[in-house]
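Read top to bottom, the protein sequences are chains B and Y.
For the first sequence, the working numbering begins at 1 and goes up steadily by one.
For the second sequence, the working numbering begins at 1001 and goes up steadily by one.
Note that the Cβ used here is the ideal one computed from N, Cα and C, for glycine as well.
Beneath this line is the structure, given in structure tokens, with notes to follow.
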Amino acid sequence: MNPGLLSTTCAVASRDVLLALRNKSDVANTLLFFVIVASLFPLSVGPEPALLRTMGPGVLWVAALLASMLGLGRLLAADYADGTLEQIALAPQPLGALITAKIAAHWLTSGLPLVLIAPLLGLQYDLAGEALSILLVSLLLGTPVLSLLGAIGAALTLGLRAANVLVPLLVLPLTVPVLIFGAGAVDAAAAGLSAAPHLSLLAALLALAVFFAPWAAAAAVRIALE
Amino acid sequence: MLRGTGLECTRGGRRLFSSLSFDLAAGALLQVRGANGSGKTSLLRIVCGLLTPDAGEISWDGRGISGLGEEYRARLAYVGHLNAVKDELDPGENLRYSSQIAGVSATAAELDEALRTFGLDRARLPCKLLSQGQKRRAALARLKLSHPRSLWVLDEPFSALDAEGVAVTRSLIEAQLARGGAVMFTTHQDVAFAGHTPQRIEFPS
């Protein structure tokens, strides 16, 4: 590995984390959205424990999915608007690696908080200890995939007017497998079955996304900068 | 050092220039002149490799820049009309991150020196509170830290700068030429460089 790669990727990632810390409201918005959406369902369908237990995993996963779409606007669009993205593309390192650093920073500031608060929300759905820990693991494996896929959508819509609406429309269909295996893992755990097959498939999706998504996003960024 | 051969660029169905060639030696200055919309920025972006020309090639030390890739980008400093300055960070933080991303390892003293050159050493404020000219200075401060044998591509570097800012930038460009670097720039201002007559590319309006 060339020596400059590590310092450059660290600089890209730490700048984005610092920017997120300076704009705390962006991070809080994603988290609040997740909490509110996940709390609306018990209010609307009634406090029947059996029903809540059945729909809990699916609702929590859909809420996490939607919440993770909110922050995608700031993943690349701000850098595109102020010229930082040009400078990143001109850095003497592979663009894909630097985009990966941006995605990692984005996940740390938007995905990870969702993962950490999810077990608390799971209590609203009367999920047992085993199911809660599987929920945590499945989100830990799944939310990075959402950030990686989201980066492709964010890169493809750079410079477009309706990007905020377009990104979820582009990305949500691609996230269906993540949703199925993620919610499936928690369902299985709640039913007393092994969640391992679902989690393995989620991990496989993550490996695929880590490999391909930065490359696709970098290609889209180059087109946007032309 | 840098050579463009037979360049052609079409934007939005309109041909901006064709069969454009130039040659830039180490220590030479090249000014691109023309009316608004005549293709100056497009030419500079082609030289950086951000834009692919419809025909022709840019070569650096005899090798095409698309093949050189990272090796070429390590020698390139581009200041576009966007400042690439983050509003939430102060000039020092902006400079530190942007030089790290450009692959330049600068010590704290060098960073301070670059800020002092542009009179930003006491501006410990988020850049959103600074004036347009101060943000431009923060963007140009990156040049102070660039590789000695490098190519600077500057798109309207003097825009929004006051007389002192223009003088500082001008002396920085002169120093870059003196140490064997090359500079390609556009400007609408009359700026004279001591001891250097710029080569010119003129775009018809």
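- Assignment of beta-bridge partners to Y:I1201 by DSSP yields Y:V1032.
- At a C-beta separation below 9 Å, Y:V1085 has these neighbours in chain B: D82, G83 and T84.
- By the CB criterion at 8 Å, B:Y125 and B:R222 fall outside the cutoff.
- Within the region 1097 to 1130 of chain Y, the residues whose Cβ lies closer than 9 Å to some Cβ of chain B are Y1097, S1098, S1099, Q1100, I1101, A1102, G1103, S1105 and P1126, listed in chain order.
- As DSSP reads the structure, Y:H1196 sits in a beta bridge with Y:F1193.
- Non-local C-beta neighbours of Y:A1160 in its own chain, meaning closer than 7 Å and more than five positions away in sequence, comprise Q1132, G1133 and R1136, ordered along the chain.
- One thing to note: B:H198 has its Cβ within 8 Å of the Cβ of B:A185.
- Close to Y:C1048, with beta-carbon spacing below 7 Å, are these residues of chain B in chain order: L90.
- Proximity of the region 1069 to 1084 of chain Y to the region 78 to 91 of chain B meets the contact definition, three or more beta-carbon pairs being nearer than 8 Å.
- Under the 8 Å criterion on CB atoms, Y:E1202 is classed as non-interfacial with respect to chain B.
- Assigned with DSSP and collapsed to three states, Y:D1112 falls in helix.
- Contact between Y:G1181 and Y:P1148 is confirmed by a C-beta separation of about 7 Å, below the 8 Å threshold.
- Y:C1009 is a Cβ neighbour of Y:G1039, given a cutoff of 8 Å.
- Residues are counted here when their Cβ sits less than 9 Å from a Cβ of chain B; for the region 1035 to 1062 of chain Y these are R1045, C1048, G1049, L1050, L1051 and T1052, given in chain order.
- When 8 Å is used as the limit between beta carbons, B:Q124 is near no residue of chain Y, the shortest such separation being about 35 Å.
- One alpha carbon belongs to B:W107, the other to Y:R1033, and they sit about 45 Å apart.
- Separation of B:L160 and B:A218 (C-alpha to C-alpha, rounded to the nearest whole angstrom) is 17 Å.
- The region 140 to 159 of chain B and the region 52 to 70 of chain B touch, with no fewer than 3 CB-CB distances between them shorter than 8 Å.
- Cα atoms of Y:L1089 and Y:V1153: separation of roughly 25 Å, rounded to the nearest angstrom.
- In the three-state scheme derived from DSSP, where H, G and I count as helix and E and B as strand, Y:D1155 is classed as strand.
- Taking each of B:C10, B:S14, B:G58 and B:R22 in turn and checking the Cα distance to B:S138, the smallest one comes out for B:G58.
- In the DSSP assignment, Y:V1183 falls within the unbroken beta strand (DSSP E) covering A1182 to T1186.
- Along the length of the region 1040 to 1092 of chain Y, whole alpha helix (DSSP H) runs at least 4 residues long occupy 1040 to 1048, 1065 to 1068 and 1070 to 1073, reported in chain order.
- Counted as a single uninterrupted DSSP element, the alpha helix (DSSP H) harbouring B:L32 occupies residues K24 to V45.
- Pairing B:V37 with Y:A1123, the inter-Cα distance amounts to about 43 Å.
- Below 8 Å, too few C-beta pairs join the region 175 to 192 of chain B and the region 93 to 108 of chain B to call them touching: fewer than three.
- Y:K1128 counts as exposed, since fewer than 16 other beta carbons sit within 10 angstroms of its beta carbon.
- Between B:S110 and B:T175, the CB-CB gap reaches or exceeds 8 Å.
- Nearest Cα to Y:E1110 within the set Y:L1130, Y:R1142 and Y:V1166: Y:R1142.
- Scanning its chain for C-beta atoms nearer than 7 Å, with the 5 sequence neighbours on each side dropped, one finds around Y:S1042 the residues C1009, R1011, L1016 and L1051, in chain order.
- By the neighbour-count criterion, in which a residue is buried when 16 or more other Cβ atoms sit within 10 angstroms of its Cβ, B:S25 is exposed.
- DSSP lists Y:F1017 as the beta-bridge partner residues of Y:C1009.
- Closest option to Y:A1163, judged by alpha-carbon separation, among Y:S1099, Y:E1093, Y:F1118 and Y:F1022: Y:F1118.
- Sequence-distant Cβ neighbours of B:L98 in its own chain, meaning closer than 7 Å and more than five residues away, are T8, T9, V12, I88 and A91.
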